[in-house]
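2 protein chains.
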Amino acid sequence: MQLVQIYQCLCDETRLRLLNLLLRGPLCVCHFQTVLSEPQVKISKHLGYLRTRGLVTATRRGNWMIYDLPAAAARSPELAANLACLQDCAAEQSIFRRDLARLTKLDLACGPVAGVSAKNDDGCGCDQPAKILKK
Amino acid sequence: MQLVQIYQCLCDETRLRLLNLLLRGPLCVCHFQTVLSEPQVKISKHLGYLRTRGLVTATRRGNWMIYDLPAAAARSPELAANLACLQDCAAEQSIFRRDLARLTKLDLACGPVAGVSAKNDDGCGCDQPAKILKK
DNA sequence: AAGCTATATTCCTTGCTTGGAATATAGTTC
DNA sequence: GAACTATATTCCAAGCAAGGAATATAGCTT
Numbered sequence: 074m075q076l077v078q079i080y081q082c083l084c085d086e087t088r089l090r091l092l093n094l095l096l097r098g099p100l101c102v103c104h105f106q107t108v109l110s111e112p113q114v115k116i117s118k119h120l121g122y123l124r125t126r127g128l129v130t131a132t133r134r135g136n137w138m139i140y141d142l143p144a145a146a147a148r149s150p151e152l153a154a155n156l157a158c159l160q161d162c163a164a165e166q167s168i169f170r171r172d173l174a175r176l177t178k179l180d181l182a183c184g185p186v187a188g189v190s191a192k193n194d195d196g197c198g199c200d201q202p203a204k205i206l207k208k
Numbered sequence: 074m075q076l077v078q079i080y081q082c083l084c085d086e087t088r089l090r091l092l093n094l095l096l097r098g099p100l101c102v103c104h105f106q107t108v109l110s111e112p113q114v115k116i117s118k119h120l121g122y123l124r125t126r127g128l129v130t131a132t133r134r135g136n137w138m139i140y141d142l143p144a145a146a147a148r149s150p151e152l153a154a155n156l157a158c159l160q161d162c163a164a165e166q167s168i169f170r171r172d173l174a175r176l177t178k179l180d181l182a183c184g185p186v187a188g189v190s191a192k193n194d195d196g197c198g199c200d201q202p203a204k205i206l207k208k
């Protein structure tokens with residue numbers, strides 16, 4: 074992957090916020106919506122943008138799409154370096170810290186879950202919890 | 074400085090090439106032109122873009138404008154981190170390596186110079202050598 | 001199958017970025 | 001001061017990206 078393309082993915086604030094959350098672990102779209110407080114189209118489009126450029130992966134799980142960063146082994150040196158850099162930098166800017174805090178709160182409310190068919194009414198805004206188990 | 078703004082500066086290939094060269098030391102516009110083989114407007118505009126956003130500094134020296142990165146002490150943590158990251162990444166991509174090689178060749182042809190009023194006919198494409206002495 | 005949920009896509013508008021041609025500016029040399 | 005050099009700016013056209021409204025799609029539930 075070309076270096077410029079990585080930076081093109083990073084040059085939008087919404088995308089930075091999405092990636093910052095993904096650095097903590099995989100997530101489904103509805104939880105991005107909740108944490109960022111942004112409309113569904115916006116989130117979905119930016120995730121699509123990142124996906125077509127290989128910065129995130131997406132796997133369907135029932136109704137939900139689980140987005141994740143590419144596996145460490147699958148990251149180019151450039152991508153790995155820039156994700157590490159982003160993580161460091163984001164830790165110092167309030168907007169990213171706030172997002173992570175909100176995500177943590179969501180996690181606590183929802184708790185981890187393995188399956189997909191159980192409903193829960195945890196008030197997350199969707200019927201499925203935030204904490205997605207890594208395969 | 075906001076992190077996004079840094080990435081916005083980095084998301085254009087021409088600007089990446091300029092910054093990559095600047096990581097080696099200060100340079101005047103005409104040498105960017107020579108190394109990148111791009112028209113003057115293009116170089117000048119991208120340098121202007123970087124300048125207004127604080128990613129480079131510019132000082133006039135006779136007819137020449139010397140561009141440089143902000144002094145290490147003046148760099149925000151985010152900028153410092155990303156410049157370091159860029160330097161690492163650029164070292165692995167051929168276009169940036171080629172640029173550095175061309176710059177080195179220019180240096181050899183021109184040699185270091187302190188003053189500004191002496192002409193030389195070193196074939197650099199302008200009357201002033203490439204190697205600018207740090208103040 | 002019908003209705004529901006989560007997510008994606010299309011269409012459209014708006015604004016930004018890029019690049020080039022032409023021109024302007026600042027400084028030098030003669 | 002006239003000519004010249006290096007660089008910046010203006011004006012314009014084209015392309016791209018972002019956001020929203022409406023709609024489509026995929027999978028679940030009953």
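Sequence order for the protein chains is A and B. Numbering follows the numbering used here, with no gaps: position 106 of the first sequence is 179. Numbering follows the numbering used here, with no gaps: position 105 of the second sequence is 178. Positions of the beta carbon are idealized from the N, C-alpha and C atoms, including for glycine.
query: Is the Cβ-Cβ distance between B:Asp-141 and B:Pro-112 less than 8 angstroms?; result: no
query: Nearest chain A C-beta to B:Tyr-122 closer than 8 angstroms, yes or no?; result: no
query: Shortest alpha-carbon distance to A:Ala-131 belongs to which of A:Leu-109, A:Leu-94, A:Ile-116 and A:Cys-101?; result: A:Cys-101
query: Please compile the residues from chain B whose C-beta is within a distance smaller than 9 angstroms of the C-beta of A:Pro-150.; result: Asp-161, Cys-162 and Glu-165
query: Under the DSSP definition of a beta bridge, which residues are partnered with B:Met-138?; result: B:Arg-133
query: In its own chain, which residues sit with a C-beta less than 6 angstroms from the C-beta of B:Ile-139, not counting the 5 before and 5 after it?; result: Pro-99, Cys-101, Thr-132 and Ile-205
query: Does the ligand ZN have a heavy atom nearer than 7 angstroms to the CB of B:Gln-75?; result: You won't find the ligand ZN in this model; it holds no ligand whatsoever.
query: For B:Ala-174 and chain A, any beta-carbon pair shorter than 8 angstroms?; result: no
query: Tell me which same chain residues have a C-beta within less than 8 angstroms of the C-beta of A:Arg-88, skipping the five on either side of it?; result: Cys-82, His-119, Tyr-122 and Leu-123
query: Which value, in whole angstroms, describes the spacing of the CA atoms of B:Ser-167 and A:Ala-144?; result: 26 angstroms
query: What is the C-beta distance between A:Leu-179 and A:Thr-107, in whole angstroms, given that I count them as a contact (C-beta under 8 angstroms)?; result: 6 angstroms
query: Given that A:Leu-142 touches chain B, what residues does it touch there, using C-beta distances under 9 angstroms?; result: Going along chain B, no residue has its Cβ under 9 angstroms from A:Leu-142, so there is no contact; the nearest lies around 17 angstroms.
query: Taking A:Glu-165 as the reference, give the member of A:Phe-105, A:Trp-137, A:Asn-93 and A:Ser-110 with the closest Cα.; result: A:Asn-93
query: With DSSP collapsed to three states, give me the class of B:Cys-103.; result: helix
query: Does DSSP put B:Ala-164 in a helix, a strand or coil?; result: coil
query: Between the stretch 76-92 of chain B and chain A, which residues of the former have a C-beta closer than 8 angstroms to a C-beta of the latter?; result: Leu-76, Val-77, Tyr-80, Gln-81, Leu-83, Cys-84, Asp-85, Glu-86 and Leu-89
query: With the cut-off set at 8 angstroms, would you say B:Arg-126 and B:Leu-173 are in Cβ contact?; result: no
query: Less than 8 angstroms between the CB atoms is what I'm expecting for B:Ala-154 and A:Cys-162, so what's the real figure, rounded?; result: 6 angstroms
query: Kindly indicate if chain A contains any beta-carbon less than 8 angstroms away from that of B:Ala-145.; result: no
query: Tell me the residue span of the alpha helix (DSSP H) that contains A:Arg-124.; result: 113-125
query: Hey, out of A:Val-77, A:Glu-151, A:Cys-158 and A:Arg-90, whose CA is closest to A:Ile-116's CA?; result: A:Arg-90
query: If we cut at 8 angstroms on Cβ distances, does A:Ser-190 have a partner in chain B?; result: Below a pLDDT of 50, predicted positions are generally treated as unreliable, and A:Ser-190, at 35, falls in that range; no measurement from the model is reported.
query: By how many angstroms is the C-alpha of B:Leu-95 removed from the C-alpha of B:Phe-105?; result: 10 angstroms
query: Would you say A:Asn-155 faces chain B, with C-beta separation under 8 angstroms as the test?; result: yes
query: Select from B:Leu-109, B:Cys-158 and B:Ile-79 the residue whose C-alpha is nearest the C-alpha of B:Arg-175.; result: B:Leu-109
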